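Those letters in the sequence shown? Residues 1 to 451, by the numbering used here.
Just so you know, even glycine gets a beta-carbon here, dropped at the ideal spot from N, CA and C.
In this text the structure is predicted, and so the values were computed from the model without any measurement.
All remarks here apply to the structure that follows.
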Amino acid sequence: MSTDIVWGVATAAFQIEGATAEGGRGPSHWDTFQQQPGAIFHGEDADVACDHYHRWAEDLDLMASLGIPAYRLSLSWSRLQPTGRGQLNPDGVRFYRDLLRGCRQRGIEPYVTLYHWDLPQPLADEGGWPARATAEAFGDYARLVIAELGGLAENWITINEPICASFLSYDWGMQAPGHTDPDEAIRAAHHLLLAHGFALAAFREILPEARVGITNLLSRIRPFSDAAADMAKATEADARMNGLFMQPVHHGSYGELVESLFPQLTDPDLVREGDLQLISAPGDFTGINHYTNVLVKADDTSPFHGYRMIQVEPTPTSFDWSDTPEALHALLVWVAHEYTDLPLLVTENGATFHDYVTPDGQVHDPERIHYLEGYTGAVLQARADGVDVRGYFAWSFMDNFEWSWGYSMRFGLVFVDFGTQERIPKDSAHWYRDFIAGHASPLPTSKETTA
Ligand code: IFM
C-alpha cells in the first residue's frame, strides 16, 4: 500500500556527533552542564557520543541500506557559530554541507532542525534564553544558516520542543543549564517562541520556497476521574504543557488561562508589541513530538502545582512511558481540530527498552516492533480519518546520548556499542525497513540550489 506520508528517522546533533572540541566548534551550555557532578547519569558525557562527526558517511550508508527515505537531523549552533555571534565557522559549514549533500546523494531527504538545545556557551553566559538578546542572536544566526545551507534541504524545523529548552532547563533543573527558577523558565519559553518567529521571518525573506515549522512536544493529557478537582487540574496541566506553546503559534495569543497561570506573559517588557504576530505567522506544517500519555490527579500534597501525572498503562518502556498508540491518534485529531489545518508531521516518536546483543550477535527488540506497529498504525488511522498528517519520524535512528540519562536509555532502531562504535540494526530496524517498503513514501525531491 502506498501512502503520501513520509516515513523517516530522527536524531539531534549533540546526541550523536561527538567531536565536541573539533572543527572549530565552541562549547555549548550542554558541554558545561554535563561536567557538573550529578548532572548526567554515571557522570557520562557526549564528547564522543556516536562519533557521527567522523562516521556520518557510514551512518548514511546504513540508513540508505535500510531504505529510509527521510532523515530529521539538527545543526549544532556551536559548531556553526562557536560564540553565537559573528561569521559562521567554515569547518562547521563544510561539515553540514557534506552531510546534507550526502543525504541527497543517497536518496534521503533531510529535514533540518535549527535548534535542538545546544546553545553556545557565550550566549548562555550573557543570560541564555531568559534574555531576549538570545532570541535576537538566533534570528541573526538563522539568516546566516539559510544563506549558506538553505538550498540543501526543503523542510526546516526552527526550534525543537521549547517546553524542554525552557521548563526542563530553567525550572526543573534537569537539562542545561540546570537552573530552578520558574520566572526564568517562562521568559525562556517566550523567547524560544520568538526565536521561532524570527527564523520563520528570515526564511520567508531569504528562501520563500522552504517549508518551515516549529516542533512541540505534545502530551496526551486527561483527568484521572471526572471529579471536579481532577478535571480542573487536567485543564491546568494541558495549559502548562501544551497550550502555552500551541496557543501563541496557532491562535496568536497565549489566552486567558495560560496568562492566569503565567502572569509574566502580560508584562509588555516581556511580550512586546509585534512578538505574537511574529510567533503566529503561518508556517508550512506543525511538528509534533509525542511520547507521553498521562492522567492528571489532583493532589494537594504534590509540589508540582498540586497535581500528579500518572502514565496510562501499559508502560513497558525502560522510561516507564506508555505504549498506547491511541493517544497519538487522539492527539493528531485534537491538534487538527483545536489548533490548525496545517499539515502535521510527527517529528519524533519512539521508546526505550533494555536492548542488548544476544549470543547470535543480534539485537532482538520485539517490544519496539510492537510499539512501532501501534504508533505507525495510529498515524495511518488518523490519515484515514481525515487528519492531514504527512510524516512520521522514529526517534531515533540509533542509540545516542539521552541527555541527563547519558547512554542508559536506548531509543535507537540501530544498536550502538559505545565502546567500539559498532552499529547493529535491531530487529525493529528491519521491521521498519519492511514497513516503509510496503508504505512507500513520496519520492524525495531534489532541489539542490546552493553550491
Ligand atoms: O532524546 C530526546 C530528544 O532529544 C527530544 N525529544 C525527546 C527525546 C527522548 O527523550
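| Cα-Cα separation between A232 and G150, rounded to whole angstroms | 45 Å
| field | S446 (DSSP reduced to helix, strand or coil) | value | Confidence is the limiting factor: at S446 the pLDDT is only 38, short of 50, which leaves the residue's position unreliable and the question unanswerable from this model.
| message | Using 8 Å as the threshold, is the C-beta distance between N349 and Y375 below it? | response | yes
| request: Along the beta strand (DSSP E) that carries L144, what are the first and last residues, could you check? | output: Note, L144: premise wrong, no beta strand (DSSP E); alpha helix (DSSP H) at R132 to L149.
| How many angstroms separate the CA atom of A239 from the CA atom of V212? | 25 Å
| Got a sec: does the ligand IFM put a non-hydrogen atom nearer than 7 Å to the Cβ of Y291? | yes
| message | Quick check on Q36: buried or exposed, where buried means 16 or more other Cβ atoms within 10 Å of its Cβ? | response | exposed
| message | Taking 7 Å as the cut-off, is the C-beta of E17 nearer than that to any heavy atom in the ligand IFM? | response | no
| query | Who pairs with Q311 in a beta bridge, going by DSSP? | reply | V294
| message | Can you find the residues in the same chain that come closer than 6 Å, C-beta to C-beta, to G86, ignoring five residues on each side of it along the sequence? | response | none
| query | Do you know how far the Cα of A237 is from the Cα of L261? | reply | 10 Å
| Would you call the CB atoms of E17 and Y71 closer than 8 Å? | no
| query | Just to check, is the beta-carbon of F167 closer than 7 Å to a non-hydrogen atom of the ligand IFM? | reply | no
| message | Quick check on DSSP: helix, strand or coil for G43? | response | helix
| query | What first and last residue would you give for the alpha helix (DSSP H) that runs through P366? | reply | P366 to A384
| message | Which of the three DSSP states is assigned to S280 in this structure? | response | coil
| field | Proximity to R390 [Cα-Cα], best of I40, D59 and Y111 | value | Y111
| query | In whole angstroms, what is the alpha-carbon distance linking A327 and D427? | reply | 25 Å
| said: Suppose you measure from the CA of V333 to the CA of I108; what does that come to, to the nearest Å? | reply: 29 Å
| message | Just to confirm my understanding: we take A199, look at its own chain, exclude 5 residues before and 5 after, and list those with CB closer than 7 Å. What are they? | response | L114, F138, G139, A142 and T158
| request: Can you check the region 21-87 for any alpha helix (DSSP H) of at least 4 residues that lies completely inside it and give the ranges in chain order? | output: 29-33, 52-65 and 77-80
| Spatial neighbours of L62 in its chain, beta-carbon cut-off 8 Å, leaving aside the 5 residues before and after | V414, R423 and P425
| message | So, for P27: in the same chain, excluding its five sequence neighbours on each side, which residues have a beta-carbon less than 7 Å away from its beta-carbon? | response | S78 and Q121
| query | If you draw a straight line from the C-alpha of T449 to the C-alpha of A153, how long is it? | reply | Here the model assigns T449 a pLDDT of 31, short of 50, so the residue's position is not dependable, and the following value carries that caveat. If you take the alpha carbons of T449 and A153, they lie about 9 Å apart.
| query | Comparing the CB of A298 with every heavy atom of the ligand IFM, is any distance shorter than 7 Å? | reply | no
| In the structure shown, what three-state DSSP assignment does A210 receive? | coil
| Exposure label - Q277; buried when at least 16 CB within 10 Å | exposed
| field | Nearest-angstrom Cα separation, counted from I40 out to L270 | value | 32 Å
| By Cβ distance, which residues of its chain are closer than 7 Å to Q381, with the 5 residues on each side in sequence left out? | H329
| task | Please work out which residues of its chain come closer than 7 Å, Cβ to Cβ, to A185, disregarding the five sequence neighbours upstream and downstream, and give them in chain order. | result | S166, F167, Y170 and D171
| request: Could you tell me how far apart the beta carbons of L244 and I288 are, in whole angstroms, since I believe they sit closer than 8 Å? | output: Wrong, their Cβ atoms sit about 15 Å apart, outside the cutoff.
| request: Answer yes or no: the CB of F418 versus the heavy atoms of the ligand NAP, is any distance below 7 Å? | output: The ligand NAP is absent from the structure shown, which contains only the ligand IFM.
| said: Considering only heavy atoms of the ligand IFM, does any lie closer than 7 Å to the CB of A12? | reply: yes
| field | Backbone CA spacing between S404 and Q247 [nearest angstrom] | value | 29 Å
| query | Start and end of the alpha helix (DSSP H) containing V271? | reply | Premise fails: V271 is in no alpha helix (DSSP H) and is neither H nor E.
| field | As assigned by DSSP and simplified to three states, the class of L345 | value | strand
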